[in-house]
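Visitor:
Structure, rendered in structure tokens:
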């Protein structure tokens, strides 16, 4: 497992599924990977970015760290916040600074 996840790690994973095993094997599909504006601060380990996941369930998960499993990453904790609802479920965002 890599120490610092970057935008590049996720960019090739659009439309792939991440499984939250400790939450009933909830399937979150990565829908968007976006760079975020960043200040030019010394010592940044990565450029900021955001991820947008879709979960197709009428059940809303509260914001928290989800232990996500994916074949490319193994298990990684990702803090997800619900940000929108559509006719097929909910959208969740993760921000990496």
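In the UniProt record's numbering, the protein residues as written are 1 to 97.
Yeah, the Cβ is synthetic: ideal placement off N, Cα and C, and Gly gets one too.
For clarity, every value in this text was computed on a predicted model and none was experimentally measured.
#1: To which residues of the same chain is residue 75 closer than 6 Å at the C-beta, ignoring the five residues directly before and after it?
#2: I'd like to know whether the C-beta atoms of residue 49 and residue 29 end up nearer to each other than 8 Å.
#3: When you compare each of 9, 78 and 51 to residue 31 by their alpha carbons, which one comes out closest?
#4: What residues in its chain sit with their C-beta under 6 Å from that of residue 2, if we drop five residues either side in the sequence?
#5: Just confirm the distance between the C-beta atoms of residue 33 and residue 10, as a whole number of angstroms; I'd bet it's less than 8 Å.
#6: Quick check: the Cα distance between residue 79 and residue 87, rounded to an integer number of angstroms?
#7: 8 Å is my cut-off, CB to CB: does residue 30 come that close to chain C?
Guide: Judging by the given coordinates:
#1: Result list for residue 75: 67 and 69, in chain order.
#2: For residue 49 and residue 29, no; Cβs fall outside 8 Å.
#3: Looking from the CA of residue 31, the closest CA among 9, 78 and 51 belongs to 51.
#4: Legend: pLDDT at residue 2 = 47, less than 50; position of this residue unreliable, value from coordinates given subsequently. Around residue 2, the same chain offers no residue with a beta carbon nearer than 6 Å, after the five sequence neighbours per side are excluded.
#5: The beta-carbon separation of residue 33 and residue 10, rounded to 5 Å, stays under the 8 Å limit for a contact.
#6: If I take the Cα positions, the gap works out to 23 Å.
#7: In the displayed structure, chain C is absent; only one protein chain is listed.
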